[in-house]
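Visitor: In case it helps, UniProt numbering puts the sequence shown at residues 1 to 186. No residue lacks a Cβ here, since even glycine has one placed at the ideal position from N, Cα and C. My questions all concern the structure below.
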Amino acid sequence: MGQMATMAYDGILGLDHDELSLFDHFIKEGLIAKPWLGFYLSSKPREDGEAMFGDAHERHYRGSLVFSEVEGRYWQFHLQGIQVGDTEHFCFGGCPARIAPADTFIGGPAREIERINSVLGAQKNAQGEVETSTGNRCYSGFAEASQKAGVTWHLGHPFLRNVYTVLVAPTSESDVLGRVGFAYSR
């Protein structure tokens, strides 16, 4: 389960496009300068994450943000592919994915998740834990995920802790459903 299982929290802030979304409410009421939500999940135990409504906070990322158009609900977009190490490729020819800030794993199709864990030198034991070739026990950041609304990959904490993420909501002038942007975290 990781850190989230032992943390005190009040709930999960939903970010889907609908009338109950806090993000959409801020946009409709003109409370933020632009329809952006930048967020940072820290990979350091004693450093807080951050959500910035209305912009992106450059101190949390390096390089430029790279954007993809949203293709459906749940901030779904098209992945061009996934590479593990120098040679192993997954999601051949592209596949649908979504950001999943509430998920503690990177979720994907069972067969590909099994292959990724194998490439990483990990094997599942009878308790469902993943053991490395050195005999140390650890939990894999990859887990089988159901295909929700046709989305095959769910990019949760292990991915989001390594990138700064920006959600750009659609505007009345826009011909797209929004955009998702990523840059490497600092």
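In the DSSP assignment, the alpha helix (DSSP H) including H57 goes from what residue to what residue?
Guide: Reading the sequence shown from its first residue, position 57 is the one you call residue 57. Unbroken run through H57: none, as it is neither H nor E.
Visitor: Considering only the alpha carbon of each residue, which of V180, V151, W153 and A122 lies closest to Y139?
Guide: For the purposes of this step, residue 139 is identified with residue 139 of the sequence shown, where counting begins at 1. The shortest Cα separation from Y139 among V180, V151, W153 and A122 belongs to A122.
Visitor: Pick helix, strand or coil for P170, following the three-state DSSP scheme.
Guide: Stepping through the sequence shown from its first residue, residue 170 is reached at position 170. It is coil, neither helix nor strand.
Visitor: Could you tell me which residues DSSP puts in a beta bridge with R98?
Guide: Looking up residue 98 in the sequence shown gives position 98. Beta-bridge pairing links R98 to Q76 and H154.
Visitor: Which of helix, strand or coil does DSSP assign to A126?
Guide: Translated into the one-based positions of the sequence shown, residue 126 becomes position 126. Looking at A126 - three-state DSSP - the assignment turns out to be coil, as it is neither helix nor strand.
Visitor: Whole angstroms are fine: how far does the CA of L65 sit from the CA of H89?
Guide: Along the sequence shown, read from residue 1 onward, the residue named residue 89 stands at position 89. Along the sequence shown, read from residue 1 onward, the residue named residue 65 stands at position 65. Each residue's alpha carbon lies about 24 Å from the other.
Visitor: Determine the direct distance from the alpha carbon of K28 to that of F159, and round the result to whole angstroms.
Guide: Within the sequence shown, numbered from 1, the residue matching residue 159 stands at position 159. Within the sequence shown, numbered from 1, the residue matching residue 28 stands at position 28. Going from the Cα of F159 to the Cα of K28 covers about 30 Å.
Visitor: Closest to S43 by C-alpha separation, out of I113, V84, D24 and Y61, would be which residue?
Guide: Residue 43 sits at position 43 when you count from the first residue of the sequence shown. The shortest C-alpha separation from S43 is found at Y61.
Visitor: Flag this pair as touching only if the stretch 162-169 and the stretch 32-46 have three or more C-beta atom pairs under 8 Å; answer yes or no.
Guide: Yes: the two stretches touch, three or more of their Cβ pairs being nearer than 8 Å.
Visitor: Which value, in whole angstroms, describes the spacing of the CA atoms of E173 and T104?
Guide: Walking along the sequence shown from the start, residue 173 turns up at place 173. Walking along the sequence shown from the start, residue 104 turns up at place 104. Roughly 35 Å between the two C-alpha positions.
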